[in-house]
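In our numbering, the protein residues as written are 1 to 492.
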């Protein structure tokens with residue numbers, strides 16, 4: 001048998017395979033294209049921050065992946081981190097557009113978010129830094145984020161909003177001459193973030209429901225003049241006042257006639273405007289009288305409106321218990337005409353009255369129970385329904401073992417209250433034990449307490465909050481003499 005053709009065929013196949021391998025090995029490797037280098041803005045201002053130390057070497061050390069959505073790009077780190085930050089930026093862009101009633105608006109200037117380093121690297125003095133650069137006469141907005149300690153979402157949200165506001169302030173062809181400052185103040189950034197959270201129902205409305213006079217803590221002029229550094233250095237109640245006034249200010253502007261399109265026009269001018277803040281507001285919101293006093297009145301009215309609780313806001317167990325305790329009071333007048341207030345456990349005194357008087361004595365409690373049922377903690381609704389049935393029997397002059405039923409209701413409420421206290425104590429314990437950094441925030445807390453004492457706003461000595469704090473101090477072994485000087489590691 002002749003095997004030469006077979007051997008020749010095999011040799012041909014081997015030679016063909018080798019040639020294919022050589023061709024494949026010469027194919028260029030596909031890699032993400034790096035972003036073009038940018039030139040520094042010749043009119044860059046000395047107060048603009050610089051990228052975190054070592055960012056250039058970190059960028060050159062590895063090829064950076066890129067994720068894009070429209071003109072928003074995220075460069076560096078891994079796909080999951082890029083995708084999460086890109087989604088946050090895009091969602092904020094959409095929310096800002098809806099807030100300004102221009103949902104179809106597209107970003108006109110590139111926003112580039114550069115991620116540096118990775119978790120565990122040496123921490124930088126500033127983990128998030130923003131810059132404005134120019135490339136061939138066009139502005140680029142850059143946000144440098146160092147990943148050494150992960151991502152601080154609140155800080156990132158602040159700077160993403162800052163970038164979006166700068167994009168609106170520079171993207172419409174605004175002319176910026178040399179040595180001219182481009183600036184968006186922190187109060188507007190914080191206020192826009194607060195307005196978005198209020199619109200989405202995620203804001204903490206309790207800051208607007210307090211009786212604190214915020215303008216006595218922080219004046220309107222201090223709010224308008226504060227730089228980012230000054231804002232971050234505020235302590236005590238001033239950061240809370242800054243947030244509340246900023247949020248109320250933006251919301252009061254949005255509630256003006258044609259407030260949303262006026263806000264869009266205001267944001268186009270605010271970054272490059274030179275002059276008093278009130279003058280720019282007067283230009284775009286003519287319905288407001290922008291004197292300093294009138295602005296404070298508008299802000300106070302906005303706080304009252306924002307502080308109004310919604311029916312869908314549910315009380316916690318402890319809040320529900322406290323409100324229920326204050327509601328279960330029966331009011332009537334004795335034979336001498338004096339007003340008498342008794343607890344529901346003294347229902348027999350009401351049963352001796354005339355039907356009209358019984359109805360009047362119970363009417364207030366029944367109305368309050370009905371309102372509480374909408375917002376109480378869900379497990380309290382059967383209890384409230386049982387109290388309602390008892391009050392109806394009192395009005396009718398009936399007594400179907402009311403005393404034993406009230407005793408059972410008290411037992412259930414005591415158990416539920418203890419459950420709520422245990423849950424609260426566990427969360428406090430977890431928060432304290434998981435903290436590993438001493439931030440110094442306790443010093444600010446003590447300063448706040450001293451300020452309250454000076455202003456006569458300190459709660460009474462038998463206040464339930466103080467009793468709870470004393471209990472926590474005993475649990476964690478703090479004696480009475482040291483509780484005023486110890487620092488707790490409460491940095492998240």
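Heads up, the beta-carbon is just placed ideally off N, CA and C, and yes, glycines get one too.
What you are looking at is a predicted structure, and each value in this text was computed from that prediction instead of being measured.
Next item on the list: Report all residues from its chain with a CB closer than 8 angstroms to the CB of residue 397; omit the five preceding and five following residues, and keep chain order.
Entry: Excluding sequence neighbours, residue 397 sits near 351, 355, 358.
Checklist line | For residue 330, the three-state DSSP class (helix, strand or coil) | finding: Residue 330: strand per DSSP, three-state reduction.
Check: Do you know offhand how far residue 225's Cα is from residue 278's?
Finding: Going from the Cα of residue 225 to the Cα of residue 278 covers about 12 angstroms.
Next item on the list: Kindly indicate which residue of 138, 419, 332, 321 has the alpha-carbon position closest to the one of residue 384.
Entry: Residue 321 holds the alpha-carbon nearest to the alpha-carbon of residue 384 among 138, 419, 332, 321.
Next item on the list: Can you tell me the Cβ-Cβ gap for residue 375 and residue 314, rounded? I've got them flagged as a contact below 8 angstroms.
Entry: Beta-carbon to beta-carbon, residue 375 and residue 314 are separated by about 6 angstroms, close enough to satisfy the 8 angstroms threshold.
Notebook entry, point to check: Quick one: any contact between the segment 239 to 251 and the segment 137 to 151, if contact means 3 or more CB pairs under 8 angstroms?
Noted result: Touching, no.
Next item on the list: Return the first residue and the last residue of the beta strand (DSSP E) that residue 339 is part of.
Entry: Residue 339 -> beta strand (DSSP E) spans 339 to 343.
Note to self: Three Cβ pairs or more, each shorter than 8 angstroms: is that satisfied between the segment 146 to 162 and the segment 187 to 206?
What the structure shows: Remark: three or more beta-carbon pairs, one from each stretch, lie closer than 8 angstroms, so the segment 146 to 162 and the segment 187 to 206 are flagged as touching.
Notebook entry, point to check: Quick one: what does DSSP say residue 421 is sitting in, helix, strand or coil?
Noted result: Three-state DSSP puts residue 421 in a helix.
Item checked: Residue from 371, 345, 265, 186 whose Cα sits closest to the Cα of residue 404 -> Distances from the CA of residue 404 to each of 371, 345, 265, 186 were compared; the closest alpha carbon is that of 345.
Next item on the list: Could you spell out the range, first to last residue, of the alpha helix (DSSP H) harbouring residue 87?
Entry: 79 to 99 is the extent of the alpha helix (DSSP H) around residue 87.
Notebook entry, point to check: When the Cβ atoms of the segment 89 to 107 are set against those of the segment 130 to 140, are three or more pairs found closer than 8 angstroms?
Noted result: With contact defined as three or more Cβ pairs closer than 8 angstroms, the segment 89 to 107 and the segment 130 to 140 are not in contact.
Notebook entry, point to check: Over what stretch of residues does the alpha helix (DSSP H) that includes residue 362 continue unbroken?
Noted result: Boundaries of the alpha helix (DSSP H) around residue 362: 355 to 375.
Margin query: Can you give me the C-alpha to C-alpha distance between residue 69 and residue 83, rounded to a whole angstrom?
Written below: Taking the straight line from one Cα to the other gives about 10 angstroms.
Next item on the list: State the beta-bridge partners of residue 130 as determined by DSSP.
Entry: Bridge partners of residue 130: 143.
Notebook entry, point to check: Based on the DSSP output, what are the partners of residue 68 in its beta bridges?
Noted result: DSSP lists 73 as partners of residue 68.
Note to self: Does the segment 107 to 126 come into contact with the segment 73 to 80, if we say contact requires no fewer than three beta-carbon pairs (one atom in each stretch) closer than 8 angstroms?
What the structure shows: Verdict: yes, contact present.
Next item on the list: Report the three-state DSSP secondary structure of residue 112 (helix, strand or coil).
Entry: Strand, per DSSP.
Note to self: What would DSSP say about residue 171, mapped onto helix, strand or coil?
What the structure shows: If DSSP states are grouped into helix, strand and coil, residue 171 belongs with coil.
Item checked: Which listed residue (88, 218, 285) has its alpha carbon closest to that of residue 496 -> Absent from the model: residue 496. The displayed extent of the chain is 1 to 492, so no value can be given.
Check: How about residue 169 and residue 270: are their beta carbons less than 8 angstroms apart?
Finding: Their beta carbons are under 8 angstroms apart, which means residue 169 touches residue 270 by this criterion.
Notebook entry, point to check: Does the segment 256 to 275 touch the segment 214 to 225, meaning 3 or more C-beta pairs lie closer than 8 angstroms?
Noted result: As far as the Cβ criterion goes, the segment 214 to 225 does not touch the segment 256 to 275, which means the pair count is below three.
Check: At what residues does the alpha helix (DSSP H) containing residue 232 begin and finish?
Finding: Note, residue 232: alpha helix (DSSP H), 228 to 232.
Check: Is it right to say residue 487 is buried, meaning 16 or more other beta carbons lie within 10 angstroms of its own, or is it exposed?
Finding: Below a pLDDT of 50, predicted positions are generally treated as unreliable, and residue 487, at 36, falls in that range; the measurement from the model is reported next regardless. Exposed: under 16 other Cβ atoms inside 10 Å.
Item checked: Coil, strand or helix - residue 475 by DSSP -> Helix at residue 475.
Next item on the list: Reducing DSSP to helix, strand and coil, say where residue 138 ends up.
Entry: Residue state, collapsed to three classes: strand.
Checklist line | Pick from 140, 176, 186, 110 that is closest to residue 229, judged by C-alpha positions | finding: The residue with the shortest Cα to Cα distance from residue 229 is 186.
Margin query: Which residues does DSSP list as the beta-bridge partners of residue 122?
Written below: Beta-bridge annotation (DSSP): residue 122 is not paired with any residue.
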